[in-house]
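Here the protein sequences come in this chain order: A and B.
So in our numbering, spot 349 of the first sequence is number 349, and the numbers just go up one at a time.
So in our numbering, spot 153 of the second sequence is number 1153, and the numbers just go up one at a time.
Where is the CB? At the ideal position from N, CA and C, for every residue including glycine.
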Amino acid sequence: MLSVHRTAITKPSQRLFLTATVAAAALALTACSSGGDAGDSGSTSEFGFAAATQEDGSTITVWVDASREPAADAFIAAHPDTPIKVETYDGGANGSGSFQTKITAFDQAGDGWPDVVFSTQNNDAAWASQGEDPFAAQLNNGYVDQSFLDGFTEGALAPVTIDDTVYGLRNDLAPTVTWYDQSLLDQFGYTLPTTWEEYEALGLKVAAEHPGYIIGSVGDAWAPEVYFWGAQAPVNVVTGSDEFSTDTSDPKSVAIAEIIDNLIDAGSLVQDSVFSPDFVTKYTGKVLLLPGPVWFSGALFQNADSLNSAAGTIGAGLPLAWDGDEAVAGNVGGGTWFVSSHSKNLAAAKEFLEFVTSSDEYQVELAPGLPAYTAAADKWLVKQGESNFFTGDFAPNLTTAASSVWDGWGYPKFSQESVWAKTVTPDLASGTSLVDLLPAWQTALENEAQVNGYTVK
Amino acid sequence: MATGQQARMSYVFVSGYTVLAVAFGLVPTLYALYLSVMRDGRFVGVDNFVRVVGDFRFLPAVQHVALFVAIWLTCLLAFVVVLALVVHSIGQRWLSSSIRFIYYIPGALAGASSVVLWLFLLDPTVSPVSAVLHLFGLETFVQTVSPGNLPVIFAIIAFWTGAGGWIVVMYGALNNIPREVMEAARIDGAGPIRTARHIQLPMMRKWISYMAIMSLAAGTQLFVEPRVLSQASKGVVPIDYSLNQLAYLYAFKQNDNNGSAAIAVLLLVVSLALSMFFVIKGGLFERD
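What follows is the structure, given as structure tokens:
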């Protein structure tokens, strides 16, 4: 990855001028390829955007992250005649920005774009739809049938819709739910909380009565999406395509921060990443509650390499509400598929896109998370129900959560997660309280919004 | 042998380097200079510089790099010279050469792979030296890579990868000191420390400045270490830690090559100025 910059600190040589070198090379490539681009603007109206000249049967290049490789494999098995090249990359995970940086390099070169890209970042649509020559193809102006787009769960395409134009398709939905261990609740005689107030009370209680057991983790970069989004904190408000506002001093922001502080102090809310080896060692069998996205199902509980829970013990409770308020869900990712507006084989790209988002072969049989395509989601939930792994009202609760993601939290061009990771995570780990960090977090978000071209209100 | 032919051959020999230096050193530099004063195809003077310097990420990045370079360069100069002197004074030939070889091994690892190795060392949950990390009160990876520790961590990584090569170079420099001079010092009754201070160090001066200049150029280009640590720490090490990372973000994330070029030019100016200091102090361009 990013091999252009794999340079050793022991070899100084000409690296002084690295950026310039890359830019110079890019300029040369642009000069070489601009002749070819000139003739590409022809037959475009049928797709609704300026597509490249189509070459029937040309190979499509598909970028997936490691977890989505089975999707590509399933497509190849089902469509052996479609020429396709699959490349694996990090999916832009944790705000690495590798999707954006790579595409920008291709933009400079004027060549080399992949045809289909999977991204784990909801904020990529805001970026891929902008610029002089946006990367993402418009999907709802003639390219993809409206009837197919209508097949997605209501609200599922919101993160990829900018000014009424759809720029990508959601792979899966990632609303937050309250994961719980029914066997532990029974053993300790606790009831499942439905409000944040009850959640805090239970956390303090378990810390006192059964130290070592936990009711959540804020050790991952998506902690704000679980806790602040789910608590309706107006921290990430995007208006239109160029206005951003954040208010970490809002009563709801402060209230959820106080709950987090109290539970960290008590010891029942931990700061280990759920994907760290340490988390598995320390907390297997000790996770009483875990607010988190639905994809924790396959990633943590039903995963032999992770918590590896016993069948029939884990359930997915409804998202938590403020007392007297309606419950809303947060959202942690949920992958997105983009088609390149530069693709020379849009027919094959569409075939691929429709397959990976809606086909039974992938979305029902293989996908680890809740499909965004309604028909697939229904079958996926039935299949999960039949396996009897999860207990309680698993399917209805997931469906409810999927349709109750709070719409007050937007999808800006930059990664909320990377701002949280660098501004809040280290200080929180060193013992500073989250409430004290809220102003610094606010400033960091406003700064980041500004350099990304937003007007901060 | 005709001297004219010799001169012609020498031009042939340096031509390969010259062509590459112009193509990948000089031309890109000039292009960066050009880009740094342009925007949207128009000449804008110092606008790009004002913009990048005003960026909220710029000053922290300067501080990060400056602190790292200061720590690293000081340690490098001090330890490399001392270690080279010690190794050189070892009488046993096999011992001296084995030690030099061991010093050199880490330098043989490519930059990114050595950082990956350090990822394991720095994570208290998997580190073979976790006891040392616990000694400093570090229990988790996030604590280890907290902002305050980063300059020291990067300096240790850079020293570990780079010092061995320089020790070998310095050893060569010590070997270059004429035997008669060392002999004379010994006859005059100078011990190892006085010999080092009054004979060896002054005669190594040029080599030490050479090391300082090369290391300075490399150090201000800090990129791979924070980049890899950033990915591994899921963003706790910021993606805009160093100036080079910021230039990279400008070029490839914000699509602003002019701003990126402005940062590159600023780095060049600062590196050149500091290098001049070492060139003059070290008498690097004086002829013997």
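State yes or no: is the beta carbon of residue i nearer than 8 Å to at least one beta carbon in chain B?
i: Q363/A; result: no
i: N236/A; result: no
i: P134/A; result: no
i: N447/A; result: yes
i: T425/A; result: yes
i: A418/A; result: Per the sequence shown, residue 418/A should be read as Ser rather than Ala. Yes, because at least one Cβ of chain B sits closer than 8 Å to the Cβ of S418/A.
i: A429/A; result: yes
i: G212/A; result: no
i: D37/A; result: Unreliable placement is indicated for D37/A, whose pLDDT of 39 sits below 50; the coordinate value is still reported in the next sentence. Chain B contact via Cβ: absent.
i: L29/A; result: With a pLDDT of only 42 at L29/A, under 50, the local geometry of the prediction cannot be trusted, and the value read off the model is given with reservation. Taking Cβ atoms only, chain B never reaches closer than 8 Å to L29/A, which makes this a no.
i: P277/A; result: yes
Quick check: is the beta carbon of residue i nearer than 8 Å to any beta carbon in chain A?
i: D1188/B; result: no
i: V1142/B; result: yes
i: S1096/B; result: no
i: G1016/B; result: no
i: G1235/B; result: yes
i: I1239/B; result: yes
i: F1278/B; result: no
i: D1055/B; result: yes
i: N1255/B; result: yes
i: F1101/B; result: no
i: Q1005/B; result: no
i: F1252/B; result: yes
i: P1147/B; result: yes
i: V1126/B; result: yes
Does DSSP put residue i in a helix, in a strand, or in coil?
i: A156/A; result: coil
i: E448/A; result: helix
i: D181/A; result: strand
i: W222/A; result: coil
i: I259/A; result: helix
i: P131/A; result: In the sequence as displayed, the identity of residue 131/A is Gly instead of Pro. Correct three-state label for G131/A: coil.
i: R1194/B; result: helix
i: T400/A; result: helix
i: Y1031/B; result: helix
i: G362/A; result: Just to set this straight, residue 362/A is Tyr in the shown sequence, not Gly. DSSP places Y362/A in helix when its eight states are reduced to three.
i: S33/A; result: Any answer about S33/A is weak, because its pLDDT of 40 lies below 50 and its placement is not dependable; what the coordinates show is given next. S33/A falls in the helix class under three-state DSSP.
i: S268/A; result: coil
i: R1057/B; result: coil
i: D172/A; result: strand
i: Y373/A; result: strand
i: V456/A; result: strand
i: T248/A; result: coil
i: I162/A; result: strand
i: G431/A; result: coil
i: A74/A; result: helix
Buried or exposed: where does residue i fall if 16 or more other Cβ atoms within 10 Å of its Cβ makes it buried?
i: V270/A; result: buried
i: P193/A; result: buried
i: D1188/B; result: exposed
i: I1102/B; result: exposed
i: S509/A; result: Nothing can be reported for residue 509/A, as the shown portion of chain A is limited to 1 through 457.
i: V364/A; result: buried
i: V1228/B; result: buried
i: G1016/B; result: exposed
i: A201/A; result: exposed
i: V22/A; result: With a pLDDT of 45 at V22/A, under the threshold of 50, the predicted position of this residue should be treated as unreliable, though the coordinate-derived value follows. Counting Cβ neighbours within 10 Å, V22/A comes out buried, since at least 16 surround it.
i: Y1011/B; result: exposed
i: K413/A; result: buried
i: W1094/B; result: exposed
i: V456/A; result: exposed
i: Q187/A; result: exposed
Name the two residues that bound the continuous beta strand (DSSP E) containing residue i.
i: A329/A; result: No beta strand (DSSP E) contains A329/A, which DSSP labels as neither H nor E.
i: K85/A; result: 84-88
i: L289/A; result: 289-293
i: T239/A; result: 237-239
i: F244/A; result: 243-245
Per DSSP, what are the beta-bridge partners of residue i in this structure?
i: M1038/B; result: F1043/B
i: S119/A; result: T336/A
i: A321/A; result: T195/A
i: D393/A; result: Answer by DSSP bridge pairing: none, since D393/A is not bridged.
i: W63/A; result: E87/A, V117/A
i: V405/A; result: A329/A
Under DSSP, the alpha helix (DSSP H) around residue i begins and ends at which residues?
i: W1207/B; result: 1205-1220
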